[in-house]
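Written below as structure tokens is the structure these notes are about.
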Amino acid sequence: HGLTTALPTALERGEFFIEYQPLVHLGDGSVRGAEALVRWLHPQHGVLGPDRFIPLAEHTGLIVPLGRWVLEESIRQARAWRERHGTEPGAGPLRINVNLSPCQLGHPRLVQDTVEILERAGVTPDALCLEVTESALIGADDDLLKPLRRLSEMGVDIALDDFGTGYSNLANLRRLPVNVLKLDRSFTQGMQQFPADPVDLKIVEGIVSLAHSLDLAVTVEGVETGAQAEQLRILGCDTAQGWYYARPGPPERLHDLALVDA
Ligand code: G
Ligand code: G
Ligand code: MN
Ligand code: NA
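So UniProt numbering is basically just the index in the sequence shown, starting at one, shifted up by 450.
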């Protein structure tokens, strides 16, 4: 339909833009980073979320240049934040989280492109966290994991997104080059009541304990209330993201948030 024909030229026409959602340290409430979430300002349909066009972009191959653009644009934003706030933990957003599609993961230039983008922007690899979904890594062979491992060795963080929704067994985590677990929203939803369901508490407690024993940091998504944030903090989660802190928005909003919290 219409989106299919308009998508290939949307990138050249500059119709994509990025919203950022802060990642907040549960211990001290400071803004530590932000996830980059791409949107398409379609000339007829208005703002379209990624669910409307990412699958199409993956199917047509546009996801590779689009993903490169998202990476370049958000790394530039990370540099701007670092220039503004410095690089002390807690001083402001230091790191940008960028979602990676399975097609990008398998692309032969992933490592080279990423290194070049970081170098062009003049930021160190620790400014970047790449988010890969659990399902993209299920059954991944060594060839697919090698580029991620190289990036990880360079200092790029690798996060396992939507953790807990797939079928990966926990032991499988050991062989994946990831250092951050992003607990799926469904776990956060289980923390809505205070106190939360004891079984939900046990499950999250177990995941956090396993993650920490494997040296993985735990980020929780979909935090909408203070009660959720508090319970997840007590359970030992490290970082949180959700409407309770901020909805995805323009990059300027992160300046204000970081300054309020600093
Ligand atoms: O904010 P929300 O509706 O914006 O995002 C929905 C999903 O779209 C996210 O969970 C994320 O997985 C995906 N997404 C957002 N931005 C990007 C992107 O730049 N690249 C890829 N591959 N996926 C993205
Ligand atoms: O990559 P991922 O699918 O995890 O992207 C995050 C998605 O979750 C985006 O679509 C974003 O808009 C959405 N989101 C972010 N915070 C919240 C929240 O607190 N509650 C809900 N329901 N969705 C959220
Ligand atoms: Mn994500
Ligand atoms: Na997610």
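Ideal Cβ positions, reconstructed from N, Cα and C, are used throughout, including at glycine.
As the structure is a computational prediction, the values presented were derived from the model and not from experiment.
{"Asked": "Can we count residue 549 as close to ligand 1, meaning its CB is less than 7 Å from some heavy atom?", "Found": "yes"}
{"Asked": "Identify the residues that DSSP records as bridge partners of residue 471: which are they?", "Found": "485"}
{"Asked": "Verify whether the separation of the beta carbon atoms of residue 610 and residue 632 is less than 8 Å.", "Found": "yes"}
{"Asked": "By how many angstroms is the C-alpha of residue 548 removed from the C-alpha of residue 634?", "Found": "16 Å"}
{"Asked": "Out of curiosity, what's the CA-to-CA distance linking residue 483 and residue 542?", "Found": "7 Å"}
{"Asked": "How about residue 606 and residue 667: do their beta carbons lie closer than 8 Å?", "Found": "no"}
{"Asked": "Nearest to residue 574 by alpha carbon, out of 478, 453 and 532?", "Found": "532"}
{"Asked": "Assign residue 517 to one of two classes, buried (16 or more other C-beta atoms within 10 Å of its C-beta) or exposed (fewer than that).", "Found": "buried"}
{"Asked": "Identify the residues that DSSP records as bridge partners of residue 491: which are they?", "Found": "497"}
{"Asked": "Closer than 7 Å: is that where the CB of residue 673 sits relative to any heavy atom of ligand 1?", "Found": "no"}
{"Asked": "Which word fits residue 712, buried or exposed, when buried means at least 16 other C-beta atoms lie within 10 angstroms of its C-beta?", "Found": "Reliability fails at residue 712, whose pLDDT of 39 lies under 50, so the model's placement of it is uncertain and the value that follows must be treated cautiously. The residue is exposed, with fewer than 16 neighbouring Cβ atoms inside 10 Å."}
{"Asked": "I need the DSSP call for residue 590, collapsed to helix, strand or coil.", "Found": "coil"}
{"Asked": "What residues in its chain sit with their C-beta under 8 Å from that of residue 650, if we drop five residues either side in the sequence?", "Found": "637, 640 and 641"}
{"Asked": "Compute the minimum distance between the beta carbon of residue 757 and the heavy atoms of ligand 1, and state whether it is under 7 Å.", "Found": "An answer regarding residue 757 cannot be provided, because it is not within the stretch 451 to 712 covered by the chain."}
{"Asked": "Going residue by residue through the segment 673 to 701, where are the continuous alpha helix (DSSP H) segments of at least 4 residues, counting only ones entirely within it?", "Found": "676 to 684"}
{"Asked": "Bridge partners of residue 579, per DSSP?", "Found": "547 and 607"}
{"Asked": "According to DSSP, is residue 613 helix, strand or coil?", "Found": "strand"}
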